[in-house]
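Engineer:
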Amino acid sequence: MHHFIMRETTQQTTVGIRWFDHKRHTDQNFADDIALLAEDKDGSQKITDTLSEEASMIGLRISASKSKAMSIGQACTQVNINVEDTMLKNVEKFTYLRSTTHDGDIKTDDCGRTAKATDLFRRLQPIWSISSISRNIKIRLYSSIVIPTAICASETWKYMASPVKKIDAFHQRCLRRIIKIRYKEHVTNEKALRCSGMNSLRLMVARRRLDWPVSYCVCRSNVSQKWLYWTFK
150 MHHFIMRETT
160 QQTTVGIRWF
170 DHKRHTDQNF
180 ADDIALLAED
190 KDGSQKITDT
200 LSEEASMIGL
210 RISASKSKAM
220 SIGQACTQVN
230 INVEDTMLKN
240 VEKFTYLRST
250 THDGDIKTDD
260 CGRTAKATDL
270 FRRLQPIWSI
280 SSISRNIKIR
290 LYSSIVIPTA
300 ICASETWKYM
310 ASPVKKIDAF
320 HQRCLRRIIK
330 IRYKEHVTNE
340 KALRCSGMNS
350 LRLMVARRRL
360 DWPVSYCVCR
370 SNVSQKWLYW
380 TFK
């Protein structure tokens with residue numbers, strides 16, 4: 150039903166954001182939740198109205214109280230979008246499935262995840278300090294508990310050098326604490342990774358980004374690769 154409504158909506162509108170090969174991207178969907186995309190206020194209102202009309206034809210309606218409007222970009226300003234007679238609330242950031250979007254950037258989400266992972270690692274400090282627990286078990290605990298918290302939803306992150314460096318630095322701090330490398334010891338990051346038998350978080354995130362679209366899209370062309378690395382302009 151959801152896909153039928155969106156198909157009818159997108160067939161009746163030419164709005165959306167510019168994509169590659171002169172195509173336009175109109176929406177992002179997950180389960181029964183929809184993010185409508187447009188380049189200006191008029192386009193946003195038009196696609197919202199079209200969706201509302203198509204949904205009403207089969208007895209469905211957009212929940213204005215649960216919907217939000219958000220502007221993204223350097224020249225972003227507040228946009229007044231109405232669902233029927235109700236104006237949607239404008240927000241600067243939006244959290245969905247534990248991922249936070251703020252101006253199309255991952256900095257807010259990345260900082261939040263690193264903080265949560267740091268707190269989790271700290272709470273497990275008694276385990277890291279017990280000498281009777283082998284290094285291998287500690288690394289496995291770290292890999293199964295702390296790392297998923299640090300890189301949750303990283304498949305959808307926009308690639309940026311600064312956040313990637315931050316999570317790699319966090320990863321190094323944790324590994325050095327687990328395998329007991331002191332700050333005074335001159336051990337390179339590469340050697341610390343070899344001692345722990347782990348990859349960098351940079352590489353883990355890259356693999357997750359590449360594995361994600363392949364899991365549901367057979368790469369018979371380069372479309373999925375363009376989609377993965379495409380950046381809104």
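Residue numbering for the sequence shown follows the working numbering, beginning at 150 and increasing consecutively. Ideal Cβ positions, reconstructed from N, Cα and C, are used throughout, including at glycine. The structure presented is a predicted model; accordingly, all values stated were derived computationally and were not measured.
1) For the region 274 to 340, list the alpha helix (DSSP H) runs that are entirely contained and at least 4 residues long, ordered along the chain.
2) State whether the region 293 to 303 contacts the region 324 to 337, with contact taken as three or more CB pairs (one from each stretch) at a distance under 8 Å.
3) Which ranges would you report for the alpha helix (DSSP H) in the region 164 to 225 if only whole runs of at least 4 residues count?
4) Indicate whether His174 and Gly165 have their beta-carbon atoms separated by less than 7 Å.
5) Report, in whole angstroms, the separation of the C-beta atoms of Val240 and Met219, which I expect to be a contact under 8 Å.
6) Exposed or buried, what is Arg262 when buried is set at 16 or more other beta-carbons lying within 10 Å of its beta-carbon?
7) Tell me Lys265's beta-bridge partners as DSSP assigns them.
8) For Met236, which of helix, strand or coil comes out of DSSP?
9) Pull up the distance between the alpha-carbon of Asp317 and that of Met353, whole angstroms please.
10) Applying the 10 Å Cβ sphere with the 16-neighbour rule, what's the burial state of Phe243?
11) Please tell me whether Ala341 and Arg325 are closer than 7 Å, where the distance is taken between their beta carbons.
Structural biologist: To lay it out plainly:
1) 274 to 278, 284 to 290, 296 to 299, 310 to 327
2) no
3) 190 to 205
4) Along the sequence shown, one-based indexing puts residue 174 at 25. Along the sequence shown, one-based indexing puts residue 165 at 16. A contact, by the Cβ cut-off of 7 Å.
5) Looking up residue 240 in the sequence shown gives position 91. Looking up residue 219 in the sequence shown gives position 70. Right, their Cβ atoms sit about 5 Å apart.
6) Working through the sequence shown from its first residue, we reach residue 262 at position 113. Buried is the call here.
7) What you label residue 265 is simply residue 116 of the sequence shown in a count that begins at 1. Answer by DSSP bridge pairing: none, since Lys265 is not bridged.
8) Residue numbering aside, residue 236 sits at position 87 when the sequence shown is read from its first letter. Met236: strand per DSSP, three-state reduction.
9) Within the sequence shown, residue 317 is the residue found at index 168, counting from 1. Within the sequence shown, residue 353 is the residue found at index 204, counting from 1. In a straight line, the C-alpha of Asp317 is about 10 Å away from that of Met353.
10) On the sequence shown, residue 243 is found 94 positions in, with the first residue counted as 1. Phe243 is exposed by the Cβ-count criterion.
11) Here residue 341 is taken as the residue at index 192 of the sequence shown, counted from 1. Here residue 325 is taken as the residue at index 176 of the sequence shown, counted from 1. Closer than 7 Å, so yes.
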